[in-house]
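In this note's numbering, each residue carries its 1-based index in the sequence shown increased by 78.
The structure appears below as C-alpha cells.
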Amino acid sequence: MRIALFLAIALFPFILSAQRTPESVDGPRGKIGFYQFLPPDYTPKGEKKPMIIFLHGIGEKGTGSPQDLDKINCCGIPKYIWRGHTMQFTWNGKTEGFVVLYPQLYSRYGTWENYYIDAMLKYAYENLNIDTNRIFLTGLSLGGGGTWVYTSSSLTNAKKFAGIAPVVSPCFMGNGCNIAKADLPVYAVHALDDDKASPNCTINAIKSIVDCGTKAIPNLVMFDNGAHYVWVKRAYDTAYNYFNPNIYEWMLAQNRTLKPNVKPVAKAGKDVTISSASGTVSFDASASYDPDGKVVRYVWQKVSGPPYGILTDDVTAKPTATGLTFPGVYTFQLRVIDDRAEWTNDLIKVTVVDGNVIN
Numbered sequence: 079m080r081i082a083l084f085l086a087i088a089l090f091p092f093i094l095s096a097q098r099t100p101e102s103v104d105g106p107r108g109k110i111g112f113y114q115f116l117p118p119d120y121t122p123k124g125e126k127k128p129m130i131i132f133l134h135g136i137g138e139k140g141t142g143s144p145q146d147l148d149k150i151n152c153c154g155i156p157k158y159i160w161r162g163h164t165m166q167f168t169w170n171g172k173t174e175g176f177v178v179l180y181p182q183l184y185s186r187y188g189t190w191e192n193y194y195i196d197a198m199l200k201y202a203y204e205n206l207n208i209d210t211n212r213i214f215l216t217g218l219s220l221g222g223g224g225t226w227v228y229t230s231s232s233l234t235n236a237k238k239f240a241g242i243a244p245v246v247s248p249c250f251m252g253n254g255c256n257i258a259k260a261d262l263p264v265y266a267v268h269a270l271d272d273d274k275a276s277p278n279c280t281i282n283a284i285k286s287i288v289d290c291g292t293k294a295i296p297n298l299v300m301f302d303n304g305a306h307y308v309w310v311k312r313a314y315d316t317a318y319n320y321f322n323p324n325i326y327e328w329m330l331a332q333n334r335t336l337k338p339n340v341k342p343v344a345k346a347g348k349d350v351t352i353s354s355a356s357g358t359v360s361f362d363a364s365a366s367y368d369p370d371g372k373v374v375r376y377v378w379q380k381v382s383g384p385p386y387g388i389l390t391d392d393v394t395a396k397p398t399a400t401g402l403t404f405p406g407v408y409t410f411q412l413r414v415i416d417d418r419a420e421w422t423n424d425l426i427k428v429t430v431v432d433g434n435v436i437n
C-alpha cells in the first residue's frame, strides 16, 4: 500500500505533464505543428471545456516539428503549462480547466496566417470535447497582432470567439468594425513605455472598435512600465500579482450566448481631509453597483502620494488606510469588478494636514 502511494505521488507531476502533447494537422501549405493541452478535469464526454488558442511571438517561429515546438514553451501561457500549471481557475464559485492549443508559425512567414487559426478551430471541433460558445484567441507581440488580424478580417471570424486578448500587439488591426458588429469582448494588454510596439497600436485598435458602436466596450490593461516585456510575467499571470481580475477569470466569465456586458459603476466616495495626528481614514464603496448583474469584487490600491500608509483588507468594500501621518495628498484607486469579470475604476483623494481638521 505504501509503495503504491509512493508511486502515485511520484508520478503525479508526470500525469499532469502528459496532458501536453505535440500534434500536427495538414494545412494549405504543409503540416501545422502544435501543442495540445488538456486540463486534469478534461474528459472525452461529459461537461464541455472552454478553450484557448494561443499565438506566440516572433522569436518562437520554427518548423512545427516536436523538437522545434519546444521553443514555444518559453513564453506566455505555454510557459505556465510547461512549469506544471493545470490551467484551472475559479469564477463565480465554479472551477474549470482550459483546453489550450498553441501552434507554431513556420519560419518563412513574417506574420501569422489566418489559416493557422482556422486549422486549430477545425481540429478542436472534430476531436475535442469543448464548449464552442467559449473559445478564446490570444497572443503576445506578433501573436497579439495575429489575434487582431484574424478577428478584424471578417464578421464571420469575429463571431467564432467568446473573447480575444491581444497582448503588446503591433499595429496590425484591420477593420475594427467587424469586431464591433460582433460585440466581441476584448481584454487587451500593453505598457505605456513599450518601445517595440507602440501602446498607440492598442489604443487606436480599441478606438476603432468603439467608434463603430460596439455594445461590448473593450477592456484595456495599460501598465505604466514594463515596456514590451509585460508578457514575461504580467499579462498571463495566473494569480493577482499584477492585475485583478486576471485574464483567465475574465475568459471564464465570457460566453457567446450572453448579452454584451454593461460595466459596473465604481463609487469610491468623496475626497476627504484628515489630520496627520490620526493618520487614519475609512473608505466606503458600497454605493457602487452593476446595472445588469452584480458586483463581485472590490480592489483598492494607493496610486500616488507620500510613501506612507497601509491599506487593511484591500479587497473589501470598506477598507481602512492607516499610517497617513505625513502631510500631503494621497490618491487611492477603487476597482469594482462585476460578475462578467469586467471593471470600472474610481479615485478618491485623501489630503493629510497637520493640526485639527474643521468639518
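From the three backbone atoms N, C-alpha and C, an ideal C-beta is built for every residue, glycine too.
Computed from a prediction, not measured in an experiment: that's the story for all the values here.
- Closest option to N303, judged by alpha-carbon separation, among K348, V246 and L215: V246.
- Counting along the chain, I159 sits inside no beta strand (DSSP E); it lies in the alpha helix (DSSP H) bounded by residues G154 to W160.
- Each residue's CA atom was taken as its position, placing P156 and T210 some 22 Å apart.
- Of G241, I213, I257 and G217, the smallest CA-CA separation from S231 is found for I257.
- When only Cα atoms are considered, W309 and R212 end up about 23 Å apart.
- Each of Y184, A202 and G357 was checked against the Cα of I131, and the nearest Cα belongs to A202.
- Cβ-Cβ separation between D272 and A243: approximately 16 Å, too far for a contact (criterion under 8 Å).
- With distances taken between CA atoms, G224 lies nearest to T280 out of T280, N322, W328 and G387.
- The continuous alpha helix (DSSP H) containing V308 extends over residues V308 to K311.
- In this structure, L412 lies away from V428, with their beta-carbon atoms at least 8 Å apart.
- One alpha carbon belongs to V374, the other to Y187, and they sit about 44 Å apart.
- With the rule of 3 Cβ pairs closer than 8 Å, the segment 169 to 176 does not count as touching the segment 233 to 242.
- In the DSSP annotation of this structure, W169 is not part of any alpha helix (DSSP H); the continuous beta strand (DSSP E) holding it starts and ends at Q166 to W169.
- Judged by DSSP in its simplified three-state form, A275 adopts coil rather than helix or strand.
- When only Cα atoms are considered, I136 and D362 end up about 46 Å apart.
- If you draw a 10 Å sphere on the C-beta of K372, you find fewer than 16 other C-beta atoms in it, and that means exposed.
- In the structure shown, the three-state DSSP call for L199 is helix.
- Following the DSSP letters along the chain, one finds P144 inside the alpha helix (DSSP H) bounded by residues P144 to L147.
- In the displayed model, L183 falls within coil according to three-state DSSP, outside both helix and strand.
- With the rule of 3 Cβ pairs closer than 8 Å, the segment 174 to 185 counts as touching the segment 111 to 130.
- Rounded to whole angstroms, the Cβ separation of F250 and V267 is 15 Å, and the two are not in contact under 8 Å.
- Taken through DSSP and simplified to helix, strand or coil, K345 comes out as coil.
- Approximately 12 Å separates the beta-carbon atoms of N322 and E420; this is outside 8 Å, ruling out the contact.
- Distance check between T99 and each of N151, G406 and T141 places N151 closest, using alpha-carbon atoms only.
- Taking C-beta atoms under 8 Å as the contact rule, F410 and Y386 fail to qualify, at a distance of about 13 Å.
- In the DSSP assignment, T234 falls within the unbroken alpha helix (DSSP H) covering L233 to A236.
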